[in-house]
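Remarks on the structure that follows.
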DNA sequence: GAAGTGACCGGGG
DNA sequence: CCCCCGGCCACTT
């Protein structure tokens, strides 16, 4: 599996249950801000069940027509819809910076340069939360 | 390398 | 609201 695909998988796995991210957002987090289209290509081929590909939607909340049970799978996670599209006001993943690393490797003074991981624990959905 | 093909995106009409 | 267009990126012919 190529690095691009691997990175995209990693980002998509970080989308919390009950939230969605747009292809463009996933692209950004994967380090290629304008590669939304390429993210779509990866999703199209994705058969890995550990990757919640149903949580990736269009920037306007609409879904890919060919992805049959996407809506059902989202509904099962209580994602709100407004007509045919996801209610992004409620369900869009609000990405946050990861904690400034409590668990930095202390052994050795050499700063460990590791890749920032997006954590799935951020922005877990809360039904009571109101935006704006 | 050129050309075509997407589960894309933003802006404009 | 909708549709369309140009730009975009990775992959395949």
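In the working numbering, the protein residues as written are 1 to 132. Think of the CB as a built atom: it goes at the ideal place given N, C-alpha and C, for glycine as much as any other residue.
- Coarse secondary structure for residue 21, derived from DSSP in three states: If DSSP states are grouped into helix, strand and coil, residue 21 belongs with the strands.
- Proximal residues to residue 59 (C-beta, below 6 Å), its chain only, five neighbours per side dropped: Same-chain partners within the cutoff: 22 and 24.
- Message: Taking 7 Å as the threshold (C-beta atoms), are residue 85 and residue 62 in contact?
- Response: yes
- Message: Let me make sure I understand the geometry here. Which of 70, 5 and 74 has the alpha-carbon closest to that of residue 31?
- Response: 5
- Closest residue to residue 98 among 14, 49 and 46 (Cα-Cα distance): 14
- Message: Checking 7 Å against the spacing of the C-beta atoms, do residue 91 and residue 80 come in under that value?
- Response: yes
- Item | C-alpha gap between residue 50 and residue 96, whole angstroms | One C-alpha to the other measures close to 22 Å.
- Opposite residue 57 in the DSSP bridges: which residues? Residue 57 is bridged to 22.
- Message: So for residue 39, helix, strand or coil by DSSP?
- Response: It is helical.
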